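Asks: Please find one structure pasted underneath; my questions will follow.
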Amino acid sequence: MQFDLSAVETGTFVFIGTLMFGMLIVGFMMTAGFLAMVLVGVGRLAWFIVAGTLLGLVHGINHLWDRMVHHASTVELPGDFQGQPAPSTGTYPRVALRDS
Numbered sequence: 151m152q153f154d155l156s157a158v159e160t161g162t163f164v165f166i167g168t169l170m171f172g173m174l175i176v177g178f179m180m181t182a183g184f185l186a187m188v189l190v191g192v193g194r195l196a197w198f199i200v201a202g203t204l205l206g207l208v209h210g211i212n213h214l215w216d217r218m219v220h221h222a223s224t225v226e227l228p229g230d231f232q233g234q235p236a237p238s239t240g241t242y243p244r245v246a247l248r249d250s
């Protein structure tokens, strides 16, 4: 069966062409929106990974610093400056202070 396109009115062609063009624009907009959502999601995931890594690094450094300070406070110095002459700063001798 042959379909004669000359029997179709110009207005029908314009209407069908407009619908096709509209569907093309809708497809483009949906694809662009989906890709934007994917990129935002990937960016947010990357931000959470970087922020979590940095936060863990800072917490680790703080923990190690606390352990080092605690260890340094428990160390006893041998002799504790006994038997050494105290250097003088004039009329007042120097005093070695310790945390109690």
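For the sequence shown, our numbering begins at 151 and goes up steadily by one. All C-beta atoms in this analysis are idealised placements derived from N, C-alpha and C, irrespective of residue type, glycine included. Since the structure is predicted, the reported quantities are computational estimates derived from the model, not experimental observations.
#1: The alpha helix (DSSP H) that contains Leu204, what's its start and end?
#2: Measuring only the C-alpha atoms, how far is Leu207 from Leu195?
#3: Roughly how many whole angstroms lie between the Cα atoms of Gly177 and Trp215?
#4: Measure the C-alpha to C-alpha separation of Met218 and Thr224 and round it to an integer number of angstroms.
Replies: With the structure as the only source:
#1: Segment 160-224, the alpha helix (DSSP H) holding Leu204.
#2: Cα to Cα, the separation comes out at about 18 Å.
#3: Cα to Cα, Gly177 sits roughly 57 Å from Trp215.
#4: Rounded to the nearest angstrom, the gap between the Cα atoms of Met218 and Thr224 is 10 Å.
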